[in-house]
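**Student:** Before anything else, here's the structure in question.
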Amino acid sequence: MVETERLRLRGWRPADAVVHRELWTERDPRVPPPRRISADGHPSIEELEAWIRGAPREEEPRLLVVELRESGEMIGYCGLVHNPAVPEGEPELAYELLRRHWGRGYATEAARAIVERARAAGYPRLWASVRDWNTASRGVLAKLGFAESGRVEPDAVHGDSIFTTLAL
Numbered sequence: 025m026v027e028t029e030r031l032r033l034r035g036w037r038p039a040d041a042v043v044h045r046e047l048w049t050e051r052d053p054r055v056p057p058p059r060r061i062s063a064d065g066h067p068s069i070e071e072l073e074a075w076i077r078g079a080p081r082e083e084e085p086r087l088l089v090v091e092l093r094e095s096g097e098m099i100g101y102c103g104l105v106h107n108p109a110v111p112e113g114e115p116e117l118a119y120e121l122l123r124r125h126w127g128r129g130y131a132t133e134a135a136r137a138i139v140e141r142a143r144a145a146g147y148p149r150l151w152a153s154v155r156d157w158n159t160a161s162r163g164v165l166a167k168l169g170f171a172e173s174g175r176v177e178p179d180a181v182h183g184d185s186i187f188t189t190l191a192l
């Protein structure tokens with residue numbers, strides 16, 4: 025578990041599937057279809073519960089639930105993930121918060137805690153890919169010191185993915 029002034033980042037519980045699915049329903053329509061709720065309603069809450077139950081508990085890197093310390097309310101997730109598009113041993117920072125919690129600095133606070141955890145774990149560098157249209161996430165990454173790497177994956181339909189890095 026990781027704690028900040030206002031947040032607690034912890035492992036997943038099956039009950040978190042309800043909020044996790046809410047995150048899926050809120051995604052921007054420009055997000056590629058495999059990362060949005062399908063026309064036939066997948067992933068379902070049950071499918072997300074199964075994903076949570078099957079996820080490694082202590083393996084790093086991993087995503088953690090972000091909750092408000094004061095209330096215990098889950099507001100999203102933040103952590104590190106493997107991305108085959110970046111060098112081995114250099115994980116990608118990922119985060120997503122419910123829209124009703126945007127604009128309060130929570131994403132930056134949670135991501136900063138994950139960056140510090142990654143630094144302490146000895147990772148040499150972190151990556152973060154972000155769609156060119158996602159100005160809010162681009163702002164979070166800039167506040168954390170991520171810089172554009174010069175690598176861009178063009179996508180005329182969903183928006184180009186910009187790869188950013190942070191040397192630790």
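Last residue of the sequence shown? That's 192 in the numbering used here, and every number before it is there in order.
Every residue gets a Cβ at the ideal spot worked out from N, C-alpha and C, and that includes glycine.
Here the structure is a predicted model, which means the values were calculated and not measured.
Report the option in Gly169, Thr28, Thr188 and Arg32 whose CA atom is closest to the CA atom of Leu88.
**Tutor:** Arg32
**Student:** Let me make sure I understand the geometry here. Which of Arg175, Ala39, Arg162 and Gly163 has the alpha-carbon closest to that of Ala109?
**Tutor:** Comparing Cα positions, the closest option is Arg175.
**Student:** Hey, could you find the ends of the alpha helix (DSSP H) Trp75 is sitting in?
**Tutor:** Ile69 to Gly78
**Student:** Leaving out the 5 sequence neighbours to the left and right, which residues in its chain are closer than 6 Å to Thr189 when beta-carbon positions are compared?
**Tutor:** For Thr189, where only same-chain residues beyond five positions count, the Cβ hits under 6 Å are Arg149, Trp151 and Ser173.
**Student:** Leaving out the 5 sequence neighbours to the left and right, which residues in its chain are closer than 7 Å to Gly103 when beta-carbon positions are compared?
**Tutor:** Pro85, Arg86, Leu87, Leu88, Ala118 and Ile138
**Student:** Are there 16 or more other CB atoms within 10 angstroms of the CB of His66, so buried, or fewer, so exposed?
**Tutor:** exposed
**Student:** Tyr130 by DSSP, collapsed to three states: which one?
**Tutor:** helix
**Student:** Just how far apart, CA to CA, sit Arg30 and Gly127?
**Tutor:** 14 Å
**Student:** Given this structure, state the Cα-to-Cα distance separating Leu209 from Glu140, to the nearest angstrom.
**Tutor:** Since the first residue shown for the chain is 25 and the last is 192, residue 209 is missing from the structure and cannot be characterised.
**Student:** If I measure Cβ to Cβ from Gly113 and keep anything under 8 Å in the same chain, skipping five residues before and after, which residues do I get?
**Tutor:** Once the five neighbours on either side are set aside, the close Cβ partners of Gly113 are Tyr147 and Pro148.
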